[in-house]
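> For the sequence shown, our numbering gives the first residue as -9, with consecutive numbering after it. Have a look at this one before I ask anything.
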Amino acid sequence: MPAVALVTGGNRGIGLGITQRLLADGFAVSILATREEPTELLESLDAPGRVRYVRGSVADLEDHARFVDDAVEAWGRLDLLVNNAGVAPSVRADLLEAGAESFDRVLGINLRGPYFLTQTFANKVIALGSTNLPRATVINVSSISATTVSTNRGDYCISKAGVAMATQLFAVRLAPEGIVVYEVRPGVIATDMTAGVTEKYDALIAEGLAPINRWGRPSDVAGAVSILASGQTPYSTGEVFHVDGGMHIPVL
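Quick look at the structure:
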């Protein structure tokens, strides 16, 4: 039986890159996403018996148990949770003008959802009673915005800073249970989320935004997830893996 991964938002963008890489690594992958089941996409992954799709939202806590239980019923085990699903604000608004509706939506999906999904996943792993070490891995996909200020999308920055703290919290709490927790922190990645600001980031990259002078790709993030999901770092937890071309490095 292959190792089993749960990937939220695993049907597009960074999440699809992660799904494809984990399948190539031999995982069975269950995807949680809000859209109708993408039959053609799932068939194109060419992994019969190793892909499941659960329609639901990470923001809806009632969907969490259904997502986790579906994978256990299908494959009998849980090895990896990738909290990838996330949204940007519908409108980039200045801090002095931004509304509560956007704040609640962004934090509900980006922070509250993965926080409680991790709780559900961890409790199920513990109940399954695996004796392998690590028993399971949780990987939170955050953003360079966890520490880099954008005053026209404060809700997004706060949500990702919260994910960073959630990583630390769960790393400490779950270490005695044999579950390790990591954060993957992407920089500027070419996806549909960044498509609307292509010109802005093209200019910033040209001006030296990061030492590695190009856009990031979903496969770059997927490679980091693959490394952390491999079980080869069992004495590390709470670590942040930057996938940002070195953007996080202070430079004079």
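Think of the CB as a built atom: it goes at the ideal place given N, C-alpha and C, for glycine as much as any other residue. Small disclaimer: the values here were computed from a predicted structure and weren't measured.
1. For Ser20, which of helix, strand or coil comes out of DSSP?
2. Quick check on DSSP: helix, strand or coil for Thr227?
3. So, at 6 Å on beta carbons, what are the nonlocal neighbours of Ala18 in its own chain, with the 5 sequence-adjacent residues on each side left out?
4. Apply the 10 Å Cβ neighbour rule to Ile8 and answer buried if 16 or more other Cβ atoms are within range, or exposed otherwise.
5. Between the beta-carbon of Asp15 and the beta-carbon of Ser216, is there less than 7 Å?
6. Considering only their Cβ atoms, is the gap separating Thr121 from Val170 smaller than 7 Å?
7. Any idea if Met155 is buried or exposed, counting beta-carbon neighbours within 10 angstroms, 16 or more meaning buried?
8. I believe Asn73 touches Thr108 by the beta-carbon criterion, under 8 Å. Please report the beta-carbon distance rounded to the nearest angstrom.
9. Compare the C-alpha of Leu6 against each of Asp210, Glu229, Val233, Ser220 and name the closest.
10. Buried or exposed: which applies to Leu22, given that a residue is buried once 16 or more other Cβ atoms fall within 10 Å of its Cβ?
11. Provide the residue span of the alpha helix (DSSP H) that contains Leu107, from first to last.
12. So the candidates are Glu30, Pro224, Ala193; which of them puts its Cα closest to the Cα of Leu164?
In terms of the structure at hand:
1. In the sequence shown, the residue the question calls residue 20 occupies position 30. Residue state, collapsed to three classes: strand.
2. Within the sequence shown, numbered from 1, the residue matching residue 227 stands at position 237. Reduced to three states, the DSSP call for Thr227 is coil.
3. Residue numbering aside, residue 18 sits at position 28 when the sequence shown is read from its first letter. Excluding the 5 residues flanking it on each side, Ala18 has same chain C-beta neighbours closer than 6 Å at Pro(-8), Val(-6), Arg40, Trp65, in chain order.
4. Position 18 of the sequence shown holds residue 8. So Ile8 ends up on the buried side.
5. Residue 15 sits at position 25 when you count from the first residue of the sequence shown. Residue 216 sits at position 226 when you count from the first residue of the sequence shown. Yes; because the gap between Cβ atoms is below 7 Å, this pair is in contact.
6. For the purposes of this step, residue 170 is taken as residue 180 along the sequence shown, with counting starting at 1. For the purposes of this step, residue 121 is taken as residue 131 along the sequence shown, with counting starting at 1. Cβ distance not < 7 Å, so Val170 and Thr121 don't count as in contact.
7. The residue given as residue 155 occupies position 165 in the sequence shown. So Met155 counts as exposed.
8. In the sequence shown, residue 73 corresponds to position 83, counting from 1. In the sequence shown, residue 108 corresponds to position 118, counting from 1. With 8 Å as the limit, Asn73 and Thr108 qualify as a contact, their Cβ atoms being about 7 Å apart.
9. Looking up residue 6 in the sequence shown gives position 16. Looking at the Cα atoms, Asp210 is the closest of the given residues.
10. For the purposes of this step, residue 22 is identified with residue 32 of the sequence shown, where counting begins at 1. Buried, by the Cβ-count rule.
11. Counting from 1 along the sequence shown, the entry for residue 107 is found at position 117. Run containing Leu107: 103 to 118, per the alpha helix (DSSP H) assignment.
12. On the sequence shown, position 174 is the one that residue 164 refers to. Leu164 has its Cα closest to that of Pro224, out of Glu30, Pro224, Ala193.
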